[in-house]
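Numbering (the numbering used here), first residue to last: 326 to 1075.
Below, the structure written as structure tokens:
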């Protein structure tokens, strides 16, 4: 794998397995399934019968320092849920959508699936087999290896515009050669006590609610830790979140107008000479062009677009410009804008021109062992096959080292068979009908054209019930070994098996290894998953078994890497771009026919772009509100998690509720020109009078499951009914978080 580096490990008081209070304890890391992106340190307590009885946070783990959310604390209820699927199953493709399954053995399932995959390769080429992943966590990189090891170019993330994490990663790499994360001392085992770390003066939380849900390797309570130490915060969000209520400034933005806000702030910084001249002169390219573009966004115009008072925008820009050390803490709201690439470019420029790159307490390049944003196994994909990846001719930025095909073009491929048919789909850790995929009925119809579909999951999902011909049961992280790497983690963790897998469930990695050996054995040379993990960990100088005792392991880290020649492959100072600088005017975008400068495009539909439609649909709708007890479409069938958030909610200002004749607890339809969904009203002042906010990924596992019975109430509940496939010019980004709708009581339109 990588070149060996000197890793620092934690001196634990106890080994990773010990006894306490009459129970056996396994220290490890929790990173799916189920779960979120973080990989917190956990203690798994088991009794003498090998049963998992409780989970606690590991106080010796520097990442979360013993703190843990309800999703991890309630893991035993997931493990022993009566709804788990514990045996491989198949059904006749003619019975898709019907609960008519036959239990089969693993060997029969894997042999039959491998046979269909190899038959498709022989007749239609490896590109006719697509491999799907949901939100990456620790599974995405194994699925890319499964895909590319088979020489298929079609790794699929079933979200219009790949609108989660990938757009920001693509944008950062295109303009600066690296992804960037905030410096919360997460790269040091001694954390805030490390003498090289300096506390940020300011954290700008933009389109993110990190204490409830976050990726990029961030544990949200680090923001709170810094604020307790005196760091100030600015929050940009349509909702008054808990952190926004404690911020120095709260900019309540109209959803989807982030690019205009960022450019207005850039313009203010430049006009008022609040940028870092030395950093710009030494390390930035295209500053004059950026300044000229930003002049198109004066404060008064930006205030009209964003609905944020001009004096508040100016105050926020001044605060960034005068901070010694500032961090951008951004989230998927930036990805979920159709023109996400120029939006992200504008937002990041605020921190680039103020020199908040590479210094302690600012933005840093995360050190990773296996960066799942780049995938794993690309060496097996031939140039001839790579050229067949769906969507890259229409959206050439995808060609530039980014892993996924373009979902919007992929849907058209399923519908038309052009440029070639997709005959087999492998879906692992993904539930596109209920979560990522917009226009659920179109998504369903398109996938019905695939001959063979395999789903790998813990529970039956709407996607698996509607589409799968084979269902392979995965196990939880308590039942398997694994690694927590990538995703800005800046550490190597081990997931340590505490109990035997229930039934015949297997780890996602074991399933990939088992099918991989059948369809592309050269890409899967290992006898066991532990051998595979040791190979991945080679650069640490430790085997998997050794790392189990030592984890977390921290790779070496330097500040100001751009000054030391540590960011460029040629070893010269600067950034890994064509110019060697941060490109405010992006040479890559220019070469691909994209605007090289950040810009703003008004969302469609919106109050400004479609005023006649807005008269019919007079509310701005933003989706994807995160909740404590559920992760995307997971946890719906877990009683305690569901009790914390039993129904899909729409958050409505009390004045708006009164205007539309509804009150707290009432059921309403949200409807626009694409479709409608049902929601329960939650009256709250956290949103303004013309914006409403709702949860995403809703279905009811207790409802009738078959397709002709409503598919777990999916057609009534999924907010994706209101969203179309419509990605940005780059192939990245779609308007998930900004559209328009009307709201009326269910009784009026049942």
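Yeah, the Cβ is synthetic: ideal placement off N, Cα and C, and Gly gets one too.
This one's a predicted model, so the numbers in the text were calculated from it and none came from an experiment.
{"Query": "Start-end ranges of the alpha helix (DSSP H) lying completely within the segment 690-773, minimum 4 residues", "Result": "708-711, 732-741 and 765-772"}
{"Query": "Terminal residues of the alpha helix (DSSP H) in which residue 809 lies", "Result": "Taken as a continuous stretch (DSSP letters only), residue 809 belongs to no alpha helix (DSSP H), being part of the beta strand (DSSP E) at 807-809."}
{"Query": "Distance, residue 913 Cα to residue 1014 Cα", "Result": "42 Å"}
{"Query": "Minimum C-alpha distance to residue 759 - residue among 1041, 675, 680 and 906", "Result": "1041"}
{"Query": "Beta-carbon gap between residue 781 and residue 792 smaller than 7 Å", "Result": "no"}
{"Query": "Alpha-carbon spacing of residue 1055 relative to residue 771, whole angstroms", "Result": "23 Å"}
{"Query": "Simplified DSSP assignment, three categories, for residue 649", "Result": "coil"}
{"Query": "Between the CA atoms of residue 333 and residue 326 - distance to the nearest angstrom", "Result": "Here residue 326 scores only 47 on pLDDT, less than 50, and its place in the model is too uncertain to base an answer on."}
{"Query": "Range of the contiguous beta strand (DSSP E) that encloses residue 575", "Result": "574-576"}
{"Query": "Option nearest residue 542 by Cα separation, candidates 529, 364, 757 and 621", "Result": "364"}
{"Query": "Backbone CA spacing between residue 1070 and residue 1023 [nearest angstrom]", "Result": "19 Å"}
{"Query": "With 16 other Cβ atoms within 10 Å as the buried cut-off, status of residue 602", "Result": "exposed"}
{"Query": "Which of helix, strand or coil DSSP assigns to residue 873", "Result": "helix"}
{"Query": "Coil, strand or helix - residue 637 by DSSP", "Result": "helix"}
{"Query": "Three-state secondary structure assigned by DSSP to residue 851", "Result": "coil"}
{"Query": "Cβ separation of residue 840 and residue 439, assumed to be a contact under 8 Å, to the nearest whole Å", "Result": "6 Å"}
{"Query": "Residues that DSSP places opposite residue 368 in a beta bridge", "Result": "352 and 381"}
{"Query": "Of the residues 645, 739 and 489, the one placed nearest residue 679, counting alpha carbons only", "Result": "645"}
{"Query": "Boundaries of the alpha helix (DSSP H) in which residue 491 is found, first to last residue", "Result": "491-501"}
{"Query": "Own chain, CB closer than 6 Å to residue 756, minus 5 neighbours either side, in chain order", "Result": "786, 788 and 958"}
{"Query": "Which of helix, strand or coil DSSP assigns to residue 326", "Result": "At residue 326 the pLDDT is 47, less than 50, meaning the model places this residue with poor confidence; the figure from the coordinates comes in the next sentence. Looking at residue 326 - three-state DSSP - the assignment turns out to be coil, as it is neither helix nor strand."}
{"Query": "Residue nearest to residue 396 in terms of C-alpha spacing, selected from 420, 359 and 368", "Result": "359"}
{"Query": "Where residue 985 sits in the DSSP three-state scheme", "Result": "coil"}
{"Query": "Touching by the beta-carbon criterion (3+ pairs, under 8 Å), the segment 931-950 and the segment 994-1007", "Result": "yes"}
{"Query": "Closest by C-alpha distance to residue 335, when choosing among 533, 783 and 516", "Result": "516"}
{"Query": "Start-to-end residues for the beta strand (DSSP E) that takes in residue 1068", "Result": "1064-1070"}
{"Query": "Residues near residue 579 in its chain [Cβ-Cβ closer than 6 Å; skip 5 each side]", "Result": "631 and 632"}
{"Query": "Residue 508 vs residue 690 beta-carbon contact at 7 Å", "Result": "no"}
{"Query": "In chain order, each alpha helix (DSSP H) run of at least 4 residues that lies wholly inside the segment 396-424", "Result": "400-404"}
{"Query": "Inter-stretch contact (C-beta, 8 Å, three-pair minimum) for the segment 471-478 and the segment 445-463", "Result": "yes"}
{"Query": "Any alpha helix (DSSP H) of 4 or more consecutive residues that is wholly inside the segment 981-1065", "Result": "1039-1042"}
{"Query": "DSSP-derived helix/strand/coil call for residue 388", "Result": "coil"}
{"Query": "Residue 593 versus residue 623: straight-line alpha-carbon distance, rounded", "Result": "8 Å"}
{"Query": "Simplified DSSP state of residue 955, which is helix, strand or coil", "Result": "strand"}
{"Query": "Rounded C-alpha distance that separates residue 408 from residue 967", "Result": "14 Å"}
{"Query": "Contact set for residue 761: own chain, Cβ-Cβ below 6 Å, skip 5 residues either direction", "Result": "483 and 484"}
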